[in-house]
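Just so we're aligned: the sequence shown equals residues 213 to 375 in the working numbering. Below is one structure; the comments refer to it alone.
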Amino acid sequence: MTLDTEIKADERRDKLLVLLACDPLIDVNRIEMNSDLLSPLDVKLLVVMACEVPEESLAWFRKNLMPPAQLRRQVAAREFELQEHMFKVSKRLEQMGYELDTRVERGRHTGEIIVKVAEDAKVDLIVVNRRAQSTWQRLLVGSVGDYLARHATRPLLTIPPCS
């Protein structure tokens with residue numbers, strides 16, 4: 213290992229590893245990072261986008277609506293769309309000066325995916341943007357932010373929705 217490699221490794225350890233849970237519905241142009249709080253000089257981002265594939269609904273679809281091959285194609289198409297969106301998100305964050313890694317993960321529930329990735333990567337902080345949901349929507353559909361507040365073992369920063 214050369215001296216340059218050792219210095220670069222030390223520099224990487226000085227940065228906080230922050231998991232940014234990216235909403236696949238967010239407009240790329242609306243992505244803003246508070247540079248005072250999460251400066252590109254102080255953090256490295258692990259941007260995660262979840263491709264939800266609920267097992268229960270898959271079984272229902274298989275039995276009632278579509279053949280398994282068609283369902284697999286739809287899930288793969290959705291994952292491809294998310295990969296394309298992730299590319300745009302990563303370009304935007306790189307333009308802001310952030311060092312980052314990206315992942316599109318497939319799983320049953322977005323919150324579970326984020327908690328698992330956070331634990332596996334041993335992140336220092338999880339950042340999630342809260343959607344503008346009514347109380348009824350949050351009660352009926354649920355909220356990723358609420359799930360993370362209950363289940364994440366890593367520190368969590370929830371950013372309120374943009375007005």
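Don't be surprised by glycine CBs; every beta carbon is placed ideally from N, CA and C.
{"query": "Among Thr365, Thr370 and Glu244, the one whose alpha carbon lies nearest that of serine 302", "result": "Glu244"}
{"query": "Chain D contact for arginine 342 (CB, 8 Å cutoff)", "result": "Going by chain labels, chain D is absent from the structure shown, which holds only one protein chain."}
{"query": "Beta-carbon proximity check, leucine 258 vs valine 240, cutoff 8 Å", "result": "no"}
{"query": "Contacting residues, own chain, Cβ-Cβ under 6 Å from glycine 323 (five flanking each side not counted)", "result": "Val356, Tyr359 and Leu360"}
{"query": "Coarse secondary structure for glycine 323, derived from DSSP in three states", "result": "helix"}
{"query": "Proximal residues to lysine 227 (C-beta, below 7 Å), its chain only, five neighbours per side dropped", "result": "Asp254, Val255 and Lys256"}
{"query": "Contact under 8 Å by Cβ, valine 166 with glutamate 317", "result": "Not covered by the structure: residue 166. The range shown for the chain is 213 to 375."}
{"query": "Assigned secondary structure, arginine 366 (DSSP; H/G/I helix, E/B strand, else coil)", "result": "coil"}
{"query": "Span of the beta strand (DSSP E) around valine 240", "result": "Run containing valine 240: none; DSSP gives neither H nor E here."}
{"query": "CA-to-CA distance, isoleucine 371 to aspartate 235, given in whole angstroms", "result": "12 Å"}
{"query": "Three-state secondary structure (DSSP) of arginine 318", "result": "strand"}
{"query": "Where alanine 233 falls, given that 16 or more other Cβ within 10 Å makes a residue buried", "result": "buried"}
{"query": "Methionine 213, DSSP secondary structure in three states", "result": "Low local confidence applies: a pLDDT of 45 at methionine 213 is under 50, so the model's placement there is unreliable, with the coordinate-based value given in what follows. Three-state result, methionine 213: coil."}
{"query": "Inter-residue Cα distance where the pair is histidine 363 and arginine 315", "result": "21 Å"}
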